[in-house]
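I have placed the structure first, in the form of structure tokens, so that the comments after it can refer back to it.
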């Protein structure tokens, strides 16, 4: 792909951001691009339910949420045959090249957008150059448009190289809700992967910088607690109520007070709360949407256990019931040294790359860790690569954008690494 | 009015419940009924902005809330001239009889419905007999349809009697949100009232029982607190957030812990809470809708003062701002002994009344207290009368209904009392 | 007894205040006074273990607490024979007059002092006139010195009167810790009492005022909760601790938040808390000494039930155990109308009494209610009489004192009432 | 010193553990030992007020706490002249060797015991071999007896070596209360130190293991908060109280909820709390003794700032005052690479040392960091060395003991390092 091709593709995807499990247009566009560029070179192309283990999808929205996005993709020209394959929120794709004897190497890129309204400031480049989001309220504010583009670029490069072995690209949906990683990790396609690469652009690193191996993924778990008590008239019979808001407040206070842990960083957040119906009614219902994180999966499990205990005791204290639902989760993971040094080596020779950092910490969460962990448990190795890009706004903000020059840096570094893996082993 | 007339009128009002400040149909129907029944006997008939002190309306909804109810009233046949008088949520009416030398006596009845869906159970009489609410989601679940009917019935009775003096009926809007009492109390119409009666049906008293003087109104104040902090990524930078949900939870815990008071009963309730935007974002916004009550107005003020202090300190603790808005309020009040004994006397002689209780406690709040207080401060006396009625469901529940026989008990007791006031003095 | 005798006796007792269950000198002094004044007129004089049901003593201090007070009483001249009868904290006395056929009337007075240091201000009359407490840190700051004096004065008066029946005076120990009432109520001496009077001086009523029947005793229960968790190094392994102070703080926050009750006043107080061992150790132990009260015994039980629930849930939340011990308790009680009106009548004729209040509310707790309740359950009647006295400082404060003139008012009113009971029935 | 000498000295110190700022016997014993072993070889020997900057002592106990330990030291044979130099809690010593041209090297050892009762189990070696603590309730449970012994052993070794330069040993008092480090760091003796070594025995490393450079000291600060409100009768006038225990509980709940920080580990602990006077009194006083820690000094300051904010807001919420006193503090620190590698090198050649770890994390706090920081700020370098020892019980527990063989490992490794510093530079 020429530099222009990369920009065109990335901008097309940027215009059509789709949130988790609703990547209908995006998946179709990727499939089209792969078929037109690689055609018969592709040994396999798995789409939607064939690409993922559907039962392991997490954070899938209500059925009613799909229709709008489904119709919109059809309006944007996606053909019905493709759309039907994705129906019900089975998005994503896995593309496979078979190039003879050699290791099986995987590359994971994520493809979903965010529920964020894009800036309409004339100085925001997507506005200035006409590729701002067509989907009001949705935005590629984390660079997954560039990730998908990199995935296709690397596939083409490997197809043209003398790489020996099998190469798979995992176009993963629903990363932003920690929803798609597990479904992809549980699919058959990952079982035989010897080396897995994942990639993220930006992360506060400037254009020209490559981080060979990113670590410090916080394992994460979402929880939702529904407290149920009984309402009563707040003036007439306060004692007859079983106050769900008191239970919720007691829980919030104590959730943030879960002891810090000597083994490493932990996090907890009661991110959304609500409860009650009217000023003069003792509240019978309240809800907390929370998340916990840990520097290791064990630390996350520690936080999850203590969170349940707090929620249950707070309910019991105020004579309420509580139902706790565990939502999306992702484990922690570490980049393997052997892959990190190959990436670092290759990056050092990549044109435009001026600085290579061996390691850096993410400090957030990512469900690529599901895939990394699965490969590592099978005896393979994994590495999460950071590709610097000048980004005017922070990740997940309205003015995020990428420096499109860095897309080539990502393709070169990853393809170079994969080629080396297909020679050396 | 014949028994049939009373039932017909009450059922028509029951079919068209309208919430606070949206009593367009109800006000118009009352005006029609008064004009057709009393015609020139009415010395004055003040409607909408002429009936109330508009600036003192409390808990007025947003402009946009009116349209639906306004149009609906028009569709139900209310003429444009009347509707225009009520435009912008100026509802209610004051009707005046002038009957020569004598005291000025007032009767206050409230007319609004509740945001409650009425039962559609076939055994619910309004269903069985075809007068269930036409307005899905709204309901006369507190008997104000009967109160309005009583108001008209008493007017007609006094018009036909040899009562000497001036008699005014206050058809008050927006009682359910503690919103209309103050506006009516501040109007000129109340200034010259020597004796004020107010009435409520039900209150767990059966048909055939009259409570001559109800006391124990808790003074009440609604408060709304908006906490504003700053969001941050809950995994990446929890320390950069200023957590409005922590502030809110701290406040809730401490609101319920405001010390009990030796001077009498107090209440506090955080009836509605909400905050935050997503599991992985430190919440920047949170809200509490609360109310406090006191057995006396002073006790309510004590609770209000402590509530402010808790809210402000909880905000400061978590580096948040808080904006506190005082909403609707009503004072406490007491029924005057001289009126209570006249009512008790008259009730004892009223056909169908089998039991008269001198006094009972309401244990809730009511903004009739604004009118009672105003009259008492002017040197007049006031009395809140309870008219028993068998009600299958509790007040404010979907199966509430009244025994229509009790409407006549109310009219007889009140009219009898008023007549006596117009003779004895 | 002459006015001088009364003052001398009261001042002697005032100089020797003894806290609950340590009234060694006080009991001995009462016994001496009774024996010297009444001698053979006394049908029975029960002392210490014979006066009370020892197994029902509440809030008894540790054995080691007795020695100091025991020795001090010996040093003050109490003979060994008497002291031995009181050994181990069995204090108090019951004196009985038998005067032929007639009702059995009881009078209960309490005799213990408080752990309060008496003012040494020269303007404090006990200082000025030389009868300030000899026992530094203890004080008759609630008038029980006057009560004991009244008890003896009434006995002498009845002995000299033509009262027909049996008259008993209950000199009750340990009222201040709600400790002696139950033990006296469970003794045999109360079983046959037809009418019981109890008396309190002061209570914010001035000299010359008598309250014929005091009500509004709050039922009270003391609770002690011991939280046990596990300590750990607060820097090294905070996660290994099970934090008893966090459990305690959660409990305190929620105790004060127990819902108010529509049936009447309730109270809760975490009066003493402590926990932890060092700044750098996660606390393994914490303790709350709390009390709950209710306008009725049921309301107190409601508070007690909710308190247990809060304590247990707070412990569970922080992985701690909690042991809850119920301490001293007293029920609520009401003065019977028939006795109240006799007292009011008599008081109205008593020299020096200028104002008689039929009823007033105590608003606190008193374990005389155990005796009142026991008599009432046996079909008898009971009445708690208030004797006004000008007191410069509030009850339980360092400058409390009584106007000694009121002692005679108490004797006259009570003796007059008892005489009337011994004639009329 | 022979192996026997080392054991004899260490056991003598073990028998006489003295808590912070009361190391009268210990200081005297060190002075004696130094004078008898080194005599005129010592260029300087600073004792008590001359060894430390007295104004910078932290966590100094009340005057009354000294007497017992002072007298006990006299009884143990310390001469009055020496004792007088230490009067008022000025303990510790600095010994100086001057050996010509060369760098100034320092060694810091701490000398205080702990308020911990030593095990009397016959299997506890100090019991079995007769050197259990003579001071009931105090114990060398952290190995400072061995540290002092190592300090003297190294001094003797350097005196006998061909080290060129100046060598100082800092016998630091009051480490356990984070009290002596600052006073020693602020003394003149540290100003010219080019290289500073500190040493700790044990830390879960077995005999034969040396950690060349320990890092991960958590900066620490102690805080004490006194809440003052107003008491009132909990039954009679709960509303008149200003409840210091409610303020304290609100603070505790929110202290543990201070947000975690992305820059590294933080800690908070409300280690001791107390409040209130009696079950029936609204508590007017409450106290929290807390500590905060941070992986860096900045993180500790962050926690301290938030702690103040929580304490103040909790007081304001309940109408109380709060006085906050900052107690002992210690910064964080890092071992310098250049020293670490010398220590590692030397340790590798030390007889008995089987394993050398380049680095390890302490995970706790230490006020040696004051000295390390001071030296590093002056341009020098510092290193904290861990000397493994088999210890049957954990640090700060009743069965802690050291394997005396490791004392020689410490002396050899430290003396070897110091000699090399006195040659190479």
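Residue numbers (this note's numbering), protein chains in the order written: chain W, 687 to 1111; chain P, 687 to 1111; chain R, 687 to 1111; chain C, 687 to 1111.
Cβ coordinates follow ideal geometry from the N, Cα and C atoms, glycine included.
In this text, all values refer to a predicted model and were calculated from it rather than measured experimentally.
On a Cα-Cα basis, can you pick out the residue from the options that is closest to residue i?
i                       : options                         : result
residue 1077 of chain P : P:919, P:886 and P:853          : P:886
residue 798 of chain C  : C:1044, C:804, C:829 and C:967  : C:829
residue 1096 of chain P : P:932, P:947, P:997 and P:832   : P:832
residue 1007 of chain P : P:1046, P:1020 and P:932        : P:932
residue 969 of chain P  : P:805, P:960 and P:811          : P:960
residue 1103 of chain C : C:872, C:1011, C:850 and C:1000 : C:850
residue 979 of chain W  : W:1080, W:934, W:973 and W:988  : W:988
residue 938 of chain C  : C:963, C:972 and C:1033         : C:972
residue 791 of chain C  : C:956, C:820 and C:884          : C:884
residue 1005 of chain W : W:930, W:862, W:1092 and W:1049 : W:930
residue 759 of chain C  : C:1063, C:711, C:857 and C:864  : C:711
residue 1056 of chain P : P:1015, P:1084 and P:1042       : P:1015
residue 1122 of chain R : R:1042, R:843, R:956 and R:857  : Not covered by the structure: residue 1122 of chain R. The range shown for chain R is 687 to 1111.
Output, in chain order, the set of chain P residues within a Cβ distance shorter than 8 Å of residue i.
i                      : result
residue 914 of chain C : Residues of chain P passing the Cβ test: none, with the nearest at roughly 16 Å.
Less than 6 Å between C-beta atoms, sequence neighbours within five positions excluded: which residues of the same chain meet that for residue i?
i                       : result
residue 1111 of chain P : Confidence at residue 1111 of chain P is low in this model, with a pLDDT of 45, below 50, so the placement of that residue is unreliable and no value is reported for it.
residue 1026 of chain R : 898, 899 and 1069
residue 855 of chain W  : 781, 793, 837 and 841
For the putative contact between residue i and residue j, defined by C-beta atoms under 8 Å, what is the C-beta separation to the nearest angstrom?
i                       : j                       : result
residue 852 of chain W  : residue 783 of chain W  : 7 Å
residue 982 of chain C  : residue 1018 of chain C : 5 Å
residue 717 of chain R  : residue 733 of chain R  : 6 Å
residue 1051 of chain W : residue 921 of chain P  : 6 Å
So which residues on chain C does residue i lean against when the C-beta distance must stay under 9 Å?
i                      : result
residue 959 of chain R : 931, 934, 935, 959, 960, 961, 962, 969 and 972
residue 688 of chain W : Chain C residues near residue 688 of chain W: none, gap ~41 Å exceeds 9 Å.
Residues of chain C with CB under 7 Å from residue i, in chain order?
i                      : result
residue 904 of chain R : 921
Can you find the residues in the same chain that come closer than 7 Å, C-beta to C-beta, to residue i, ignoring five residues on each side of it along the sequence?
i                       : result
residue 768 of chain P  : 714 and 717
residue 1003 of chain R : 933 and 936
Interface residues of chain W around residue i at Cβ under 8 Å?
i                      : result
residue 953 of chain C : 946
residue 834 of chain P : Those within 8 Å of residue 834 of chain P in chain W number zero; the least Cβ separation is about 23 Å.
In chain W, what lies closer than 7 Å to residue i by C-beta?
i                       : result
residue 1049 of chain C : 948
Keeping to the same chain, check which residues put their C-beta closer than 8 Å to that of residue i; ignore five residues upstream and five downstream.
i                      : result
residue 786 of chain C : 850 and 851
Could you tell me which chain C residues have their CB closer than 8 Å to the CB of residue i, listed as they occur along the chain?
i                      : result
residue 939 of chain W : 939, 940 and 943
Query raised in the report: Are three or more beta carbon pairs between the region 732-739 of chain P and the region 888-895 of chain P nearer than 8 Å?
Result: Contact fails: fewer than three Cβ-Cβ distances are below 8 Å.
Query raised in the report: Does the region 948-963 of chain P come within contact of the region 985-1000 of chain W, defined as at least 3 CB pairs closer than 8 Å?
Result: No, they do not touch.
Requested in this report: Kindly confirm or deny that the region 1036-1048 of chain R and the region 1035-1052 of chain W touch, where touching means at least three C-beta pairs closer than 8 Å.
Outcome: By the Cβ test, the region 1036-1048 of chain R is not in contact with the region 1035-1052 of chain W, since fewer than three Cβ pairs between them sit closer than 8 Å.
Query raised in the report: Taking contact to mean at least 3 C-beta pairs separated by less than 8 Å, is the region 860-872 of chain R in contact with the region 697-707 of chain C?
Result: No: fewer than three Cβ pairs fall under 8 Å.
Requested in this report: Report yes or no: do three or more beta-carbon pairs, one from the region 1058-1068 of chain P and one from the region 801-808 of chain P, lie closer than 8 Å?
Outcome: The answer is no - the region 801-808 of chain P does not touch the region 1058-1068 of chain P, with fewer than three Cβ pairs under 8 Å.
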